[in-house]
Amino acid sequence: MESNVMRLQFDSRPENESFARVVIAAFLVQLNPTLETVTDVKTAVSEAVTNAVVHAYPRGGKGTITLAAELLPGEQTIRIEVSDEGVGIPDIDQAMEPLFTTQPEMERSGMGFAVMQGFMDSLAVTSEVGKGTRVVMTKKVGGETPEN
Amino acid sequence: MNEQRYATAGKATVTRDTVTVQLEGELDHCSADRVRASLDALIADQHVKRLVIDLNGLSFMDSSGIGVIIGRYRTLSRRNGSIAVRGLSPQVDRIFQMSGLYQIVEKCR
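Pasting the structure below:
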């Protein structure tokens, strides 16, 4: 089987967080994942998209978020990329520290990247101030018995 | 869009100083403000010392839910109160464990 790629662009709006979850779950189904794997991937995508919605375009700025994914049937793996063209992250290491948040007054937990790391097999974050941020995650889906 | 997807605070019961509430739907950044406001209203009475959150009806939660829980914990701990959760799915349980929430939140049946 050949790989399968999808790319979707949407406005940076909170309503699109659940939309992104539904899309990635529907795409992932082709690899016959377990329900647990689907939930893991949905959670990680939700975190990445929420980060972009909350931080990429501050002060009511408008922008777009791109969700791209590739199914690699040979490796039974999904590769997911969530990117924006927003303000970027000045210090990625600090941003990835569990409990670090720039918005404690908004009751943000600072656990977004930690959850992505915990629910996926790999996580890579690249960012350039003023140009945007790209989050790339992979998860192996193979060797599972489909539940539904 | 189907509004039912977003998390809401459903049925709530009050017994002495304890409020028990059911959360339903998907708790994410988009729905967190609404859930936060509903829970704050339920514990606004200074006599409320304990909040039990039943998550059986919660179909999804990401780290936005952590902030909602911690915020309510802060309110209740100021009056020597406590917060407990029950009915967690394995996914939500992992988020609680990962974030250290069980250090301040009791898991009950």
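These protein sequence lines are chains A and B, in that order.
Per the numbering used here, the first sequence starts with residue 1, numbered consecutively.
Per the numbering used here, the second sequence starts with residue 149, numbered consecutively.
For glycine and all other residues, C-beta sits at the position ideal for the given N, C-alpha and C.
| query | result |
| --- | --- |
| Do you know whose CA, among B:174, B:193 and B:175, lies nearest residue 165 of chain B's CA? | B:193 |
| From the beta carbon of residue 301 of chain B, is the nearest beta carbon of chain A less than 8 Å away? | The structure shown has nothing for residue 301 of chain B, since chain B only spans 149 to 257. |
| What three-state label does DSSP hand residue 148 of chain A in the structure shown? | Since pLDDT at residue 148 of chain A reaches only 44, below the 50 mark, its modelled position is unreliable, and the value read off the structure follows with that caveat. Residue 148 of chain A falls in the coil class under three-state DSSP. |
| Note down, in chain order, all residues in the segment 77-89 of chain A with a beta-carbon under 8 Å from any beta-carbon belonging to chain B. | none |
| Within the 8 Å Cβ cut-off, does residue 102 of chain A reach chain B? | no |
| Go ahead and label residue 209 of chain B buried or exposed: buried means 16 or more other beta carbons lie within 10 angstroms of its beta carbon, across all protein chains shown. | buried |
| Who are the Cβ neighbours of residue 66 of chain A in its own chain at under 6 Å, not counting the five residues just before and after it? | 9 and 83 |
| Could you name each continuous beta strand (DSSP E) segment of 3 residues or more that falls completely within the segment 199-234 of chain B, going from the start of the chain to the end? | 230-234 |
| Of all Cβ atoms in chain B, is any one closer than 8 Å to the Cβ of residue 97 of chain A? | no |
| Label residue 154 of chain B either buried or exposed according to how many other C-beta atoms from any shown protein chain fall within 10 Å of its C-beta, with 16 as the threshold for buried. | buried |
| Tell me whether residue 23 of chain A counts as near the ligand MG, meaning its Cβ is closer than 7 Å to at least one heavy atom of that ligand. | Absent from the structure shown: the ligand MG. Ligands present: none. |
| I want to know whether the segment 116-136 of chain A touches the segment 162-179 of chain B - three or more CB-CB distances under 8 Å. | no |
| Quick check: residue 56 of chain A and residue 86 of chain A, are their CB atoms within less than 8 Å of each other? | yes |
| Do residue 181 of chain B and residue 50 of chain A have their C-beta atoms within less than 8 Å of each other? | no |
| When the cut-off is 8 Å and only beta carbons count, does residue 146 of chain A lie next to chain B? | Reliability of the predicted coordinates at residue 146 of chain A is poor, the pLDDT of 49 falling under 50, and no value is obtained from them. |
| Hey, out of B:156, B:223 and B:195, whose CA is closest to residue 183 of chain B's CA? | B:156 |
| How far does the alpha helix (DSSP H) with residue 139 of chain A in it reach, from first residue to last? | That residue, residue 139 of chain A, is in no alpha helix (DSSP H); its beta strand (DSSP E) goes 132-140. |
| Measure the Cβ-Cβ separation of residue 196 of chain B and residue 167 of chain B and say whether it is below 8 Å. | yes |
| Let me know the secondary structure DSSP gives residue 42 of chain A once reduced to three states. | helix |
| Below 8 Å, can you find three or more Cβ-Cβ pairs linking the segment 101-112 of chain A to the segment 32-40 of chain A? | no |
| Counting only Cβ-Cβ distances shorter than 7 Å, please list the residues of the segment 55-70 of chain A near chain B, keeping chain order. | none |
| So residue 129 of chain A is in the alpha helix (DSSP H); what residue range does that whole segment cover? | Unbroken run through residue 129 of chain A: none, as it is neither H nor E. |
| Decide if the segment 217-234 of chain B is in contact with the segment 130-137 of chain A; the criterion is three or more beta carbon pairs, one per stretch, under 8 Å apart. | no |
| Can you grab the Cα-Cα spacing for the pair residue 115 of chain A / residue 203 of chain B, in whole Å? | 19 Å |
| Which residues of the segment 105-116 of chain A have a Cβ closer than 7 Å to any Cβ of chain B? Give them in chain order. | 107, 108, 109, 111, 112, 114 and 115 |
| Looking only at C-alpha atoms, which of A:46, A:141 and A:25 sits nearest to residue 13 of chain A? | A:46 |
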